[in-house]
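Be aware that the sequence shown starts at 59, since it is given in my numbering, and climbs by one per residue. Just below is one structure, and these are the notes that go with it.
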Amino acid sequence: MKRLSNLRGQARPLLHGFSRATAVCRANKKARSICGRLRAFLCSDGEGQSMVEFAILVPILLMVLTFMFSISMAMVSYEQLSAAVSGAALQDLSNALVVSGGDPCASIQTAVSNALPSFTASKLTYTMTVLNSSGTAVTYGPTAGSGFSCTAAVAVLQADEAANQQTTSGTLTVSYTYTWIPVYMQKMTGSLAASQSVLVVL
59 MKRLSNLRGQ ARPLLHGFSR ATAVCRANKK ARSICGRLRA FLCSDGEGQS
109 MVEFAILVPI LLMVLTFMFS ISMAMVSYEQ LSAAVSGAAL QDLSNALVVS
159 GGDPCASIQT AVSNALPSFT ASKLTYTMTV LNSSGTAVTY GPTAGSGFSC
209 TAAVAVLQAD EAANQQTTSG TLTVSYTYTW IPVYMQKMTG SLAASQSVLV
259 VL
């Protein structure tokens, strides 16, 4: 009986301390404000901090990726335009200019538009420059869309040939109004331009 009473006496302070600690914890839990709970949630195991960092970085990452994709598409369009202008200048410009009575600019426009089926024809602007017998540059255009014509260029070449010139130079420039892929709903437009010079044998 003595041992039992001693055990009861030792257990009573322990139970009293446990009850007191429980009451204190409940009091602290009730007294915690909304900001305190939010702070505790954000600091628990770093989950809240990761969510905040993710929410901040994702829009920036999407903006960078969209900008890189827009630049890549613009470079592809420029390469296509440059290839079409080079082909038209090397084949159609040098050949059409020496054909008497022809319209070299019309054939050039047809060649460029056929080489760029995915481009909007009305956004293409054509300019051609030919050197006359006195070394002065004669410019035809710029002409946007359709109707690019330069029948007078044949007379210039005939005058060069009459002046005993064996060769002259011609330059074809084509620009395209390009619309960039929107970055954060910002629509931007610019101009892609490609130029090619050729030697015309008279």
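All residues carry an ideal CB built from backbone N, CA and C; glycine is no exception.
Look up residue i in the DSSP assignment and say whether it is helix, strand or coil.
i      : result
VAL259 : strand
ALA202 : strand
ALA221 : coil
SER253 : strand
SER176 : coil
SER135 : helix
GLY145 : helix
SER207 : coil
THR237 : strand
SER192 : coil
MET186 : strand
Can you tell which of the options has its C-alpha closest to the C-alpha of residue i?
i      : options                        : result
LEU120 : PRO240, THR197, LEU257         : PRO240
GLN224 : THR231, LEU230, LEU215, VAL232 : LEU215
VAL212 : VAL258, ALA142, MET126, VAL110 : VAL258
SER191 : VAL134, ASP218, GLU137         : ASP218
SER176 : TYR236, PHE206, LEU115, PRO162 : TYR236
ALA186 : MET133, PHE206, ILE118         : Reading the sequence as shown, one finds Met at residue 186 and not Ala. That would be PHE206, whose Cα lies nearest to the Cα of MET186.
GLY145 : SER128, GLN167, ILE129         : GLN167
Got a sec? Which residues, its chain only, sit under 8 Å from residue i by beta carbon, not counting five neighbours each side?
i      : result
LYS87  : Bear in mind that a pLDDT of 48 at LYS87, under 50, signals an unreliable position, so the number given afterwards is only what the model happens to contain. Closer than 8 Å at Cβ, skipping near neighbours: no residue.
LEU148 : GLN254, VAL256
SER227 : VAL188, LEU189, SER255, VAL256, LEU257, VAL258
VAL36  : The structure shown does not extend to residue 36, since the chain is modelled only from 59 through 260, so no value can be given for it.
Please classify residue i: is it buried, with 16 or more other beta-carbons within 10 angstroms of its beta-carbon, or exposed?
i      : result
MET126 : exposed
GLN244 : exposed
THR209 : exposed
MET246 : exposed
ALA221 : exposed
SER171 : buried
SER249 : exposed
SER165 : buried
LEU115 : exposed
ALA113 : exposed
PRO117 : exposed
Only counting the same chain, and skipping five residues up and downstream in sequence, which positions put a Cβ closer than 6 Å to that of residue i?
i      : result
SER253 : THR231
THR183 : PRO200, ALA202, SER233
ALA179 : SER171
ASP150 : SER165, ILE166, ALA169
VAL196 : VAL188, ASN190, VAL214
Note down, in chain order, each residue of its chain lying with its Cβ closer than 7 Å to the Cβ of residue i, except the 5 sequence neighbours on either side.
i      : result
GLN138 : LEU174
LYS181 : TYR234, THR235
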